[in-house]
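K.L.:
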Amino acid sequence: MTELVRLLTRAQKLLRAAADDAMSRHGVRVGQNLVLEVLWESDGLTPGELAARLHITTPTVVNTATRMESAGLLVRRKDPADGRLVRLHLTPKARAAQRPIEEARRRLAEHATATLTDEERRHLRSALEKIIKQMSDEDNPLDPAVPKGTSSPE
33 MTELVRLLTR
43 AQKLLRAAAD
53 DAMSRHGVRV
63 GQNLVLEVLW
73 ESDGLTPGEL
83 AARLHITTPT
93 VVNTATRMES
103 AGLLVRRKDP
113 ADGRLVRLHL
123 TPKARAAQRP
133 IEEARRRLAE
143 HATATLTDEE
153 RRHLRSALEK
163 IIKQMSDEDN
173 PLDPAVPKGT
183 SSPE
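Here my numbering runs 32 ahead of the position in the sequence shown, where the first position is 1.
1) Apart from the five residues on each side of it in sequence, which residues of its chain come closer than 7 Å, Cβ to Cβ, to ALA51?
2) Along the chain, which unbroken stretches of the beta strand (DSSP E) at least 3 residues long are found entirely within the region 89 to 113?
3) Given a cut-off of 8 Å on the beta-carbon distance, is the pair LEU106 and ALA84 in contact?
4) Less than 8 Å separating the beta-carbons of ARG119 and THR78?
5) Cβ atoms of VAL60 and LEU47: under 8 Å apart, would you say?
6) Since HIS143 is in the beta strand (DSSP E), which residue starts that stretch and which ends it?
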(Lines of atoms letter the chains of each structure in order from A and count residues from 1; the text may use other names and numbers.)
(Lines give C-alpha, C1' and ligand atoms only; values in the text may rest on other atoms or scores of the structure.)
Protein backbone atom coordinates (compact mmCIF):
# COMPACT_ATOMS: atom_id res chain seq x y z
CA MET A 1 0.00 0.00 0.00
CA THR A 2 2.86 2.41 0.68
CA GLU A 3 3.93 1.83 -2.92
CA LEU A 4 0.50 3.04 -4.07
CA VAL A 5 0.82 6.24 -2.02
CA ARG A 6 4.30 6.79 -3.45
CA LEU A 7 3.02 6.32 -7.00
CA LEU A 8 0.03 8.61 -6.47
CA THR A 9 2.31 11.27 -4.99
CA ARG A 10 4.78 11.00 -7.87
CA ALA A 11 1.99 11.14 -10.47
CA GLN A 12 0.48 14.19 -8.74
CA LYS A 13 3.83 16.01 -8.70
CA LEU A 14 4.46 15.29 -12.38
CA LEU A 15 0.93 16.30 -13.37
CA ARG A 16 1.13 19.49 -11.31
CA ALA A 17 4.45 20.47 -12.91
CA ALA A 18 3.07 19.82 -16.40
CA ALA A 19 -0.14 21.71 -15.58
CA ASP A 20 1.83 24.63 -14.15
CA ASP A 21 3.84 24.82 -17.37
CA ALA A 22 0.72 24.59 -19.55
CA MET A 23 -1.21 27.18 -17.53
CA SER A 24 1.70 29.64 -17.35
CA ARG A 25 1.57 29.87 -21.15
CA HIS A 26 -1.88 31.45 -20.69
CA GLY A 27 -0.88 33.77 -17.85
CA VAL A 28 -2.56 31.58 -15.23
CA ARG A 29 -1.14 29.65 -12.31
CA VAL A 30 -2.23 26.16 -11.34
CA GLY A 31 -5.16 26.56 -8.98
CA GLN A 32 -6.29 29.70 -10.73
CA ASN A 33 -7.42 27.57 -13.66
CA LEU A 34 -9.69 25.67 -11.26
CA VAL A 35 -11.19 28.95 -10.02
CA LEU A 36 -11.75 29.97 -13.63
CA GLU A 37 -13.35 26.62 -14.44
CA VAL A 38 -15.95 27.08 -11.71
CA LEU A 39 -16.59 30.74 -12.56
CA TRP A 40 -16.97 29.92 -16.26
CA GLU A 41 -19.89 27.74 -15.16
CA SER A 42 -21.23 30.05 -12.41
CA ASP A 43 -19.89 33.59 -12.60
CA GLY A 44 -20.51 35.85 -9.63
CA LEU A 45 -19.99 33.44 -6.74
CA THR A 46 -18.90 34.60 -3.30
CA PRO A 47 -15.49 33.42 -2.09
CA GLY A 48 -17.26 31.07 0.34
CA GLU A 49 -19.40 29.53 -2.39
CA LEU A 50 -16.35 29.09 -4.59
CA ALA A 51 -14.37 27.54 -1.72
CA ALA A 52 -17.15 25.02 -1.09
CA ARG A 53 -17.24 23.98 -4.75
CA LEU A 54 -13.45 23.59 -4.89
CA HIS A 55 -13.18 21.91 -1.46
CA ILE A 56 -10.65 24.48 -0.26
CA THR A 57 -10.72 27.17 2.42
CA THR A 58 -12.26 30.60 1.93
CA PRO A 59 -8.96 32.35 2.81
CA THR A 60 -7.28 30.37 0.02
CA VAL A 61 -9.92 31.60 -2.43
CA VAL A 62 -9.53 35.19 -1.19
CA ASN A 63 -5.74 35.08 -1.66
CA THR A 64 -6.08 33.49 -5.10
CA ALA A 65 -8.74 36.04 -6.08
CA THR A 66 -6.43 38.88 -5.06
CA ARG A 67 -3.70 37.58 -7.38
CA MET A 68 -6.22 36.98 -10.17
CA GLU A 69 -7.64 40.48 -9.76
CA SER A 70 -4.10 41.92 -10.06
CA ALA A 71 -3.65 39.86 -13.24
CA GLY A 72 -6.87 41.29 -14.69
CA LEU A 73 -8.74 37.97 -14.62
CA LEU A 74 -11.53 38.88 -12.22
CA VAL A 75 -13.14 41.76 -10.39
CA ARG A 76 -14.83 41.90 -7.01
CA ARG A 77 -18.23 43.52 -6.74
CA LYS A 78 -20.49 44.02 -3.77
CA ASP A 79 -23.66 41.97 -3.91
CA PRO A 80 -26.48 44.41 -4.78
CA ALA A 81 -28.94 42.51 -2.56
CA ASP A 82 -26.56 42.20 0.42
CA GLY A 83 -23.78 44.76 0.61
CA ARG A 84 -21.91 42.61 3.12
CA LEU A 85 -21.16 40.04 0.43
CA VAL A 86 -18.53 40.30 -2.27
CA ARG A 87 -18.97 38.42 -5.52
CA LEU A 88 -16.23 37.38 -7.92
CA HIS A 89 -16.83 38.16 -11.59
CA LEU A 90 -14.77 37.21 -14.62
CA THR A 91 -13.25 39.86 -16.85
CA PRO A 92 -13.27 39.72 -20.65
CA LYS A 93 -9.62 38.59 -20.41
CA ALA A 94 -10.67 35.56 -18.33
CA ARG A 95 -13.52 34.74 -20.68
CA ALA A 96 -11.17 34.92 -23.68
CA ALA A 97 -8.81 32.47 -21.95
CA GLN A 98 -11.50 29.80 -21.51
CA ARG A 99 -11.11 27.95 -24.79
CA PRO A 100 -7.27 27.90 -24.81
CA ILE A 101 -7.09 26.82 -21.16
CA GLU A 102 -9.67 24.08 -21.63
CA GLU A 103 -7.76 22.89 -24.69
CA ALA A 104 -4.47 22.87 -22.76
CA ARG A 105 -6.08 20.83 -19.97
CA ARG A 106 -7.53 18.39 -22.50
CA ARG A 107 -4.12 17.94 -24.14
CA LEU A 108 -2.50 17.39 -20.74
CA ALA A 109 -5.05 14.70 -19.86
CA GLU A 110 -4.54 13.03 -23.23
CA HIS A 111 -0.76 13.08 -22.82
CA ALA A 112 -0.88 11.76 -19.26
CA THR A 113 -3.08 8.83 -20.25
CA ALA A 114 -1.72 8.23 -23.76
CA THR A 115 -0.50 4.72 -22.96
CA LEU A 116 -3.81 3.65 -21.37
CA THR A 117 -6.68 1.96 -23.15
CA ASP A 118 -10.16 3.46 -22.88
CA GLU A 119 -11.03 0.75 -20.36
CA GLU A 120 -7.94 1.53 -18.29
CA ARG A 121 -8.88 5.23 -18.31
CA ARG A 122 -12.37 4.38 -17.05
CA HIS A 123 -10.92 2.16 -14.31
CA LEU A 124 -8.39 4.81 -13.31
CA ARG A 125 -11.07 7.48 -13.10
CA SER A 126 -13.33 5.20 -11.06
CA ALA A 127 -10.50 4.23 -8.70
CA LEU A 128 -9.42 7.84 -8.19
CA GLU A 129 -13.01 8.94 -7.52
CA LYS A 130 -13.31 6.20 -4.89
CA ILE A 131 -10.01 7.19 -3.25
CA ILE A 132 -11.05 10.84 -3.17
CA LYS A 133 -14.43 9.99 -1.66
CA GLN A 134 -12.86 7.70 0.93
CA MET A 135 -10.28 10.27 1.96
CA SER A 136 -12.86 13.07 2.01
CA ASP A 137 -15.31 11.12 4.16
CA GLU A 138 -12.72 9.81 6.58
CA ASP A 139 -11.42 11.27 9.80
CA ASN A 140 -7.63 11.48 10.07
CA PRO A 141 -6.49 8.19 8.47
CA LEU A 142 -3.22 8.23 10.37
CA ASP A 143 -4.68 8.71 13.84
CA PRO A 144 -8.34 7.87 14.52
CA ALA A 145 -8.16 9.94 17.72
CA VAL A 146 -7.70 13.12 15.67
CA PRO A 147 -11.04 14.63 14.56
CA LYS A 148 -11.43 15.56 10.89
CA GLY A 149 -10.03 18.98 10.06
CA THR A 150 -7.54 19.11 12.91
CA SER A 151 -3.90 18.20 13.17
CA SER A 152 -3.69 17.06 16.77
CA PRO A 153 -6.01 15.66 19.44
CA GLU A 154 -7.85 18.29 21.44
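Cβ atoms here follow ideal geometry from the backbone N, Cα and C, with glycine treated the same way.
P.N.:
Working from what's here:
1) VAL62, LEU140
2) 106 to 110
3) no
4) yes
5) no
6) Per DSSP, HIS143 belongs to no beta strand (DSSP E); it is in the alpha helix (DSSP H), 124 to 144.
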